[in-house]
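As structure tokens, the structure follows; a few thoughts come after it.
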């Protein structure tokens, strides 16, 4: 996921606030997309089946993808 989108989703889920300068279309799109995600312990997760967090998948962005890949290797 692109980092700006990751931050917008995380910020919205954690604080219930929209990014500065968000249009009504941006806000609606963010709300719709946020239904599929949740934030846990400072990380963003895609909800699993039945909207359960675990075994949800952690959402990676350009900044943390390499770190996660190195842990696996």
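In our numbering, the protein residues as written are 10 to 82. Note that CB positions come from ideal geometry on N, CA and C, so glycine has one too.
C-beta atoms of residue i and residue j nearer than 8 angstroms
i          : j          : result
residue 72 : residue 65 : no
residue 52 : residue 45 : no
residue 70 : residue 27 : no
residue 48 : residue 23 : yes
residue 10 : residue 68 : yes
For residue i, three-class secondary structure by DSSP
i          : result
residue 55 : strand
Host beta strand (DSSP E) of residue i (start-end)
i          : result
residue 46 : 46-49
Where the alpha helix (DSSP H) containing residue i begins and where it ends
i          : result
residue 15 : 12-24
residue 43 : 33-43
residue 9  : The requested residue 9 is not part of the displayed model; the chain covers only 10 to 82.
Distance, residue j Cα to residue i Cα
i          : j          : result
residue 21 : residue 82 : 33 angstroms
residue 42 : residue 79 : 29 angstroms
residue 39 : residue 29 : 13 angstroms
Per-residue burial, residue i [other beta carbons within 10 Å of its own, 16 or more giving buried]
i          : result
residue 18 : buried
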